[in-house]
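Report on one structure; see the data block that follows.
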Amino acid sequence: MVSSFHIFNSVSRTFREEASTRQKEPNALLKWKASLDNQSQSSLSSWDGNGHCNWTGIICDKSRRVHQLNLSRFGLKGKLHGFSFSSFPKLNVIDLSSNYLWGTIPSGVGNLSRLTYLDLSSNNLSGYIPFEIGKLRSISELYLESNILTGSIPPSIGNLTDLSFLYLHKNKLSGSIPQQIGMLKSLYKLALSDNNLIGSLPPCIGNLSNLSVLRLYNNKISGSIPKEIGMLGPLEGINLSNNSLSGEIPASIGNLTKVNSLYLSANNFHGSIPQEIGKMRSLIDLELANANLSGLIPASIGNLKNLSYLYLHLNALSGFIPSSIGNLTNLIDLFLHCNKLQGLIPWELGKLQSLHQLILFNNSLSGFIPEEMNNLTSLVAFEVSENYLIGHLPQQVCLGGVLESFTAHDNYFTGPIPKSLKNCTSLHRVRLDHNQLIGNVSEDFGIYPNLNYLDLSGNKLIGELSSKWGQCHNLTSLRISNNNLSGELPSELGKATQLRVCDLTLNHLTGGIPKALGELKLLFNLMLNDNHLSGSIPPEMGMLSSLVHLNLAANNLNGSIPIWLRQCENLLELNLSVNRLSGGIPSEVRSLSFLQILDLSQNFLIGKIPKAVGNLKTLEKLDLSHNKLFGFIPSTFDDMLSLTSVDVSDNQLEGPLPDNKAFREASFEAFRNNKGLCGNITGLEVCSSKLSSNVDRKKNSKIVIATVVPILFTLLLVFVVFWILSSSKRRERNTENTPRVVASDSLFEICNYDDKMYENIVEATEEFDSKYCIGVGGYGTVYKAELSDGQIVAVKKLHPLPEGGVGDQKAFNSEIRALTEIRHHNILKLYGFCSHPQHLILVYEFLEGGSLEKILRIDEQAMEFDWIKRVNVVKGMANAVAYMHHDCSPPMVHRDISSKNILLDSEYEAHVADFGAARLLKPDSSNWTSFKGTFGYTAPELAYTMQVNEKCDVFSFGVVTLETLMGRHPGDIISFLSSSVSSLTPSCSSSAPFNQLLLKALLDQRLPSPREQIAAEVVFVVKLASLCLHATPLSRPSMQQVSQELSTRNPPSVKQFHTITISQLFDSSCYTS
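Position in the sequence shown (from 1) plus 15 gives the number in the working numbering.
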């Protein structure tokens, strides 16, 4: 009886404990649910009441104990620390992947002794991988990739002897790969890529006898590849690219006969490709690009009959291309460019009928292109430029009708243009320049709806330009210079409305310049010099407001210099020399405020040199020689601080030379054969005292004005201040209807003591002497001034506009108002202003770093300007412009964002400057009748509309961002990226040459290539900048979106940075997964 009683109590107690344990599980789940955010709790609305085995994501075993927890992609936000792992002793599977979980992985996870599957990937988990992870001895699959985990891989991982899948890639793990990893003999897939792992690849990796996939790319792993890697017989895929591996590729790698993909690109190996690689007969993809390899390409590579992709470019490989490559009949891509290969192109390559891309440029190949190349009817890209090839181009290169890129420039080809090109409508890019090709352009070319780039320069082509070129509606660059073209320019060329560059120099073109060229609104380079063109320059050319370079020199053009040139406000170069132009130099040239080169020499120009020429503050080269100009050289030339070269010889000029560095340093040859020029130049007469006294009187008059006028102005200012005080109450009543103006105390202080401050600035700059000049912009000249109290400031003296003081005052008020209404650490601080009768002056904070443009231009400074600093500068710019657009009321548009207007402090923090062009963008006012900005940075739509809005700044930001990363202005790349992102067609398989251009090649070559996380950020920034260049303004992101993306997005790691092409920026499949 007693015994039965004890048995009953024992059973009852066990039942109660079991019931209590089962209740712990739903309680623990509910407790964790309560720790998540509200949206997450809503997603788990079924987690309520009894019956937890029926809750979303919960699977129980027969005893109603939680067996699986699967909440992948539920958008959960919260931590794992609220999850009681010890409450689930029978838990077998946890899948919380692709959520927004953050915080660290709790050590309590080690209590799940029965766990076989743990997936916490694609969250925001941080901190170390807990040492206790080594207690999960039953686990077979462990996925912790795509988080922000740091620290080392714990050695305790070696305890997980049943582990088959270990994915730790795309984190920030550091340290070396632990030796204990060699104990994981059941391991099938190992992915440690996209981390910061260092040290060498441990030889114990050879113990992983079941390993099928090894991914260690995008780390800092150094040392040699251990020969033990050859023991991994089952291995099918190896990716060790983008590390710092050195030494030779071990011959034992040839034992891996099951490997179908071998990626070793972007390392620092030495030695040659091992002959044994020919044993890897399962290979489909072999990538050894940019790996510092030398020596010969082994003939054994021809044994790899399954090979589809062979990338050996960007090495120092020498010798011949082995004829055995002709055995690789499945080959799709063959990239051998940028090596030291020599000898003939083997005829056996003609057997590769599946070949899509044959890229051999930049080697030392010689001889003829084999006739068998005509058999490659699947070719999409055939690129053999920059070699020593001779003979004829393959006549049937486009027999298959799919050729997109054909480049053979800089060789010694002779003979005709390939016949098959005439009807090759698939063409995107053709470069046959700098050869000795013959043919008739009227007959050898057809209509190409997809063609965007054509360069036939430097050949022996004849014939006339066909009207068919006007039907190439995507053509952006047409270059046929230095040939023997004749006939007239077809007016139909004006229908190629996407044309940006037209270079037809050094031909025998006749007739007039067609009026229809005025339709090419996007044209920025027009080079028609050295032909036999005649007639006057048509006024329709004034519609080409995007023009940057206009060269019509060495023709037979007559008439006067047209005044409509003032409409081409973005010109940097204007060359009308060696023509028959007559009349005077029009004063309207003052509108060309960005002009750097002006050459009007060897014409029949008469009259005086207008003062307006002296207002071209950015002019660097001026040639007015061999004309009939007379009179004095205007005194306005004194202020041409950018001028470095001048020639006014063979005219009838007289009087003293301007007090200008370019004139002082010029030789006598620049002034000879004039009527009476004088000055301190060897060969010229010294100016007479009469002339000198005239100059002195002018200077004295300036001093009188500078003394008397400030006194009068001060009296006027006192009256104005009194009026302001008396009417302040009236203004207060109207403040609700006027924009809020915020001004610093120092601003009003300078206003109140304007005369004193002006004298202080004049004294500090020695009357604005050029030696204090630190920059010249479209709106003013900037000087460095050390004031009497020791403070260093930047003083901007606004340029006087030709229209007079009203224009000055508008620009002055614009900048004052813009800068006093904003407060942001990435926007240059305004200390105040001086409104003096002689000058309008702004006083800024002085930043010792100088402008972004200057830092990028000077090699020493650019090399100190590393990738981290450059990305931070981009983020600072984005924050500043986003503030202007979205935090100022009403919104503000800068409209002159350029590298000259981005200033850096000593810590390389960006400060947006120069609001001389800024304007408050009110809801009912978006049209500006006059547009100013820095050409090369302005949005393309401004060529045909005057609607200026925030999207114009977005475009300019994109240009400056690219310039920051490239180290130079992006130039033509802008239009390519704009069209690429607009069409959304680029892909990893795209063969368009620009899309296949390596991103690495675009970046500033003065810096080592970015690595690890900063490489991912650079890729992300380039992609974001490209989106900002979208041809359609509405499709560009807002600056708020850009700023948020740059500030909050953790960009995904990139796959093999050294091999990323432009097309891969827009294809997510090219990123690691």
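Glycine included, C-beta positions come from ideal geometry on N, C-alpha and C.
Close CB contacts of residue 990 within its chain, under the 7 Å cut and outside five residues either way in sequence, are with 491 and 515 (chain order).
Per DSSP, the beta-bridge partners of residue 110 are 85 and 134. Inclusion of residue 565 and residue 532 in the CB contact set at 8 Å is not warranted, their separation being larger than that value.
The Cβ-Cβ distance between residue 343 and residue 310 does not fall below 8 Å.
Cβ neighbours of residue 59 within its own chain (closer than 7 Å, five residues either side excluded): 48 and 71. Counting C-beta pairs closer than 8 Å gives three or more between the segment 182 to 195 and the segment 203 to 220, which meets the contact rule. Sequence-distant partners of residue 159 (beyond 5 residues in either direction) whose C-beta falls short of 6 Å from its own C-beta, in its chain, are 135 and 183. A straight line joining the alpha-carbon of residue 861 with that of residue 652 spans about 28 Å.
According to the DSSP assignment, residue 900 belongs to the alpha helix (DSSP H) that extends over 882 to 901. Where residue 1038 is concerned, there is no enclosing beta strand (DSSP E), although the alpha helix (DSSP H) around it starts and stops at 1027 to 1043. Runs of beta strand (DSSP E) with 3 or more residues, each lying fully within the segment 38 to 97, are found at 73 to 75, 81 to 85 and 92 to 94, listed in chain order. Taking 8 Å as the cut-off, the Cβ atoms of residue 405 and residue 385 do not count as close. In the same chain as residue 474, and ignoring 5 residues on each side of it, the C-beta atoms closer than 6 Å to its own belong to 450, 452 and 498, in chain order. Taking 8 Å as the cut-off, the Cβ atoms of residue 260 and residue 280 do not count as close. Inter-residue distance for residue 583 and residue 796 is about 23 Å (C-alpha atoms, whole angstroms).
Note on geometry: alpha-carbon atoms of residue 272 and residue 205 lie some 19 Å from one another. In the assembly as shown, residue 641 is a buried residue. Its beta-carbon has 16 or more other beta-carbons within 10 Å. Note on the segment 191 to 215: whole beta strand (DSSP E) runs with a minimum of 3 residues are 204 to 206, in chain order.
The shortest C-alpha to C-alpha distance from residue 647 to any of 689, 610, 148 and 685 is the one to 689. The beta carbon of residue 267 lies closer than 6 Å to those of 242 and 245 in the same chain, with the five residues before and after it left out. Minimum Cα-Cα distance from residue 263 among the listed residues 249, 321, 290 and 410 corresponds to 290. Assignment of beta-bridge partners to residue 117 by DSSP yields 94 and 139. Counting only residues of its own chain and dropping the five nearest sequence neighbours on each side, residue 470 has a CB closer than 6 Å to the CB of 446, 448 and 494. Counting along the chain, residue 869 sits inside the alpha helix (DSSP H) bounded by residues 867 to 872.
Under the 10 Å beta carbon count, residue 927 is surrounded by 16 or more other beta carbons and is classified as buried. With respect to the 8 Å criterion, residue 1026 and residue 982 are not classified as neighbours on the basis of their beta carbons. For residue 779, the closest of 785, 791 and 803 by C-alpha to C-alpha distance is 803.
Burial check for residue 558: the Cβ neighbour count within 10 Å reaches 16 or more, so the residue is buried.
In the DSSP assignment, residue 926 forms a beta bridge with 918.
Contact annotation, residue 601 with residue 628: C-beta distance approximately 10 Å; criterion of less than 8 Å not satisfied.
Rounded to whole angstroms, residue 546 and residue 477 show a C-alpha spacing of 14 Å. Cβ-Cβ distances below 7 Å link residue 198 to 173 and 176 in the same chain, with the five nearest sequence neighbours on each side left out; the list follows chain order. Ranked by how close their Cα comes to the Cα of residue 88, the residues 95, 97 and 115 have 115 in first place.
With respect to residue 131, residue 154 sits close: the two C-beta atoms are nearer than 8 Å.
Per DSSP, the continuous beta strand (DSSP E) segment holding residue 421 begins and ends at 420 to 422. Annotated as distal: residue 686 and residue 667, with beta-carbon spacing of 8 Å or more.
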